[in-house]
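Chemist: Got a structure for you, written out below as structure tokens; questions coming shortly.
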Amino acid sequence: MNVDLSLADEPPEGLVRAQRLAIQVAEEFAESVQPGMTEWETHDAIDARVIELGGIGVWTPTVVGFGIGTLSCFPTDVPSSRPLWNIDLGTIDVHPITQDGWWGDCTRTLIRGGNVPQQQALNAVEGIHEGLLASARAGMRACDWYAEFRSALEPTGLVLLDRLGNIGHSLTQDSSYDLGYIDAYNTTVMTGAWAVEPFIGNHLYGVKREDVVWFGPSKVTVIS
12 MNVDLSLADE PPEGLVRAQR LAIQVAEEFA ESVQPGMTEW ETHDAIDARV IELGGIGVWT
72 PTVVGFGIGT LSCFPTDVPS SRPLWNIDLG TIDVHPITQD GWWGDCTRTL IRGGNVPQQQ
132 ALNAVEGIHE GLLASARAGM RACDWYAEFR SALEPTGLVL LDRLGNIGHS LTQDSSYDLG
192 YIDAYNTTVM TGAWAVEPFI GNHLYGVKRE DVVWFGPSKV TVIS
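Using the working numbering, you'd call the opening residue of the sequence shown number 12 and step up by one each time.
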């Protein structure tokens with residue numbers, strides 16, 4: 012086990028503040044977005060809310076997708092005039108920067124209406140995500156965390172939608188992806204902050220949930 016002992020077991024306060032800002036904004040909008048609101052409208056309101064709450068901007072573009080727009084969740088995806096329907100799913104991915112340069116990263120999926128298959132998909136990703144957080148341990152390799160995901164995904168009948176075939180990435184104060192992705196091929200022992208973001212679905216819609224986990228030398232902390 013090759014763990015960086017220079018790291019603290021507890022996450023840096025700056026990272027915690029940034030991630031709590033990300034969670035607050037993502038969850039506010041997952042709760043407040045109403046049918047008829049467009050992806051663009053929601054995107055602009057999210058970016059304004061980050062500034063209102065003391066952030067200085069975002070380190071990668073805010074991603075908002077409604078309906079068929081939930082099939083892709085990638086920073087280069089440009090929001091459209093597509094509205095949220097009254098029976099629909101939506102994804103919101105927020106990446107704030109704090110005044111002291113820390114980065115946050117949080118995704119929440121919202122649902123409106125009573126569509127049973129959509130709710131089942133949302134329940135599936137939330138269950139998978141909960142299991143991933145529970146399975147995280149100090150000294151774990153990225154590929155082993157990915158293997159936990161594959162085992163949990165198989166019985167759902169859904170597929171991984173991430174276009175790069177991963178479920179997350181490393182994260183630092185002013186950079187990301189330095190230690191690679193959480194995928195089948197990355198044998199890196201996870202240290203420091205990692206964003207875990209299972210993104211699954213079918214040919215009609217996608218669901219996603221994302222949080223940041225701190226891997227210390229002997230302790231793992233889910234930032235909430």
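Where a beta carbon is used, it is the ideal one built from N, C-alpha and C, also for glycine.
Taking only three categories from DSSP, how would you classify residue 173?
Modeler: Stepping through the sequence shown from its first residue, residue 173 is reached at position 162. Note: residue 173 maps to coil in three-state DSSP.
Chemist: With respect to the alpha helix (DSSP H) encompassing residue 89, which residues constitute its N-terminal and C-terminal limits?
Modeler: Counting from 1 along the sequence shown, the entry for residue 89 is found at position 78. Looking at the DSSP string, residue 89 is not in any alpha helix (DSSP H), and its letter there is neither H nor E.
Chemist: Would you report the Cα separation of residue 157 and residue 228, rounded to the nearest angstrom?
Modeler: Translated into positions along the sequence shown, residue 157 becomes position 146. Translated into positions along the sequence shown, residue 228 becomes position 217. Cα to Cα, residue 157 sits roughly 20 Å from residue 228.
Chemist: In its own chain, which residues sit with a C-beta less than 6 Å from the C-beta of residue 232, not counting the 5 before and 5 after it?
Modeler: For this step, residue 232 is matched to residue 221 along the sequence shown. Once the five neighbours on either side are set aside, the close Cβ partners of residue 232 are 22 and 225.
Chemist: Excluding the five sequence neighbours on either side, which residues of its own chain have a C-beta within less than 6 Å of the C-beta of residue 101, listed in chain order?
Modeler: As a position in the sequence shown, residue 101 is number 90, starting the count at 1. Around residue 101: 77, 95 and 121.
Chemist: Going by DSSP, name the residue or residues bridged to residue 180.
Modeler: As a position in the sequence shown, residue 180 is number 169, starting the count at 1. Answer is 192 and 206.
Chemist: In the DSSP assignment, find the unbroken alpha helix (DSSP H) run with residue 51 in it and report its ends.
Modeler: The residue you call residue 51 lines up with position 40 of the sequence shown. That run of the alpha helix (DSSP H) goes 50-63.
Chemist: Where does residue 120 fall in DSSP's three states?
Modeler: Position 109 of the sequence shown, counting from 1, holds the residue named residue 120. The answer is strand: DSSP assigns residue 120 an E or B state.
Chemist: State yes or no: is the beta carbon of residue 125 nearer than 8 Å to at least one beta carbon in chain C?
Modeler: Reference to chain C is not applicable here, since this structure consists of a single protein chain.
Chemist: Can you find the residues in the same chain that come closer than 8 Å, C-beta to C-beta, to residue 230, ignoring five residues on each side of it along the sequence?
Modeler: To locate residue 230, count along the sequence shown from 1; it is residue 219. 20, 21 and 149, listed in sequence order.
Chemist: I'd like the span of the alpha helix (DSSP H) that includes residue 160, first residue to last.
Modeler: Counting from 1 along the sequence shown, the entry for residue 160 is found at position 149. That run of the alpha helix (DSSP H) goes 153-164.
Chemist: Specify, as a first and last residue, the run of the alpha helix (DSSP H) that residue 25 falls within.
Modeler: Translated into positions along the sequence shown, residue 25 becomes position 14. Looking at the DSSP string, the run of the alpha helix (DSSP H) that includes residue 25 is 24-43.
Chemist: For a quick check, are the C-beta atoms of residue 221 and residue 117 less than 8 Å apart?
Modeler: Here residue 221 is taken as the residue at index 210 of the sequence shown, counted from 1. Here residue 117 is taken as the residue at index 106 of the sequence shown, counted from 1. Contact flag set, yes.
Chemist: Which term fits residue 73, buried or exposed, when burial requires 16 or more other beta carbons within 10 angstroms of its beta carbon?
Modeler: Counting from one through the sequence shown, the residue named residue 73 turns up at place 62. Buried, by the Cβ-count rule.
Chemist: Buried or exposed, going by whether 16 or more other CB atoms sit within 10 Å of the CB of residue 111?
Modeler: To locate residue 111, count along the sequence shown from 1; it is residue 100. Its Cβ having fewer than 16 others within 10 Å, residue 111 is exposed.
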